[in-house]
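Peer 1:
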Amino acid sequence: MAETRFDPVLLHRQHFIAEITCLDEIFDFLDEWPEDKRGLAYDTLLKACRDTASGRFPLSAARENFRRFLKMSGVLAKVEAAPKFEQLMGDRNIGNA
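Per UniProt numbering, the very first residue in the sequence shown carries number 1; after that it's consecutive.
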């Protein structure tokens, strides 16, 4: 299989923002997608990912299709929405240091 890594795609997952960075992670995400929400867009994306895995479809196009699927589904996160590590840590003391 050709290179399967790409620039991260961010998505909302319950109480955090997750990033998808490779084709295998897209497959994992699609496996977890609720069956009652699957439809033509899901089937088309899955086929594109399978074609990408076998070298018949460009990885960049599969990534873009995945990003559009997330946007259509309302779970695409913007980079600006992702908290920075420094913001998460704030001025917390670790071990009373």
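Backbone N, C-alpha and C fix where the C-beta goes; we use that ideal spot for every residue, glycine too.
Helix, strand or coil for V75 per DSSP?
Peer 2: It is coil, neither helix nor strand.
Peer 1: Where do the ends of the beta strand (DSSP E) carrying D7 lie?
Peer 2: Here the beta strand (DSSP E) through D7 covers R5 to R13.
Peer 1: Using the beta-carbon count (16 or more within 10 Å), is R63 buried or exposed?
Peer 2: Classification for R63: buried.
Peer 1: Less than 6 Å between C-beta atoms, sequence neighbours within five positions excluded: which residues of the same chain meet that for T4?
Peer 2: For T4, where only same-chain residues beyond five positions count, the Cβ hits under 6 Å are C22 and L23.
Peer 1: Quick one: residues in its chain with C-beta nearer than 8 Å to the C-beta of F69, no 5 flanking neighbours on either side, listed in chain order?
Peer 2: A41, Y42 and L45, listed in sequence order.
Peer 1: Count the other C-beta atoms from every protein chain shown that fall within 10 angstroms of the C-beta of F16, then say buried if there are 16 or more, exposed otherwise.
Peer 2: It counts as exposed.
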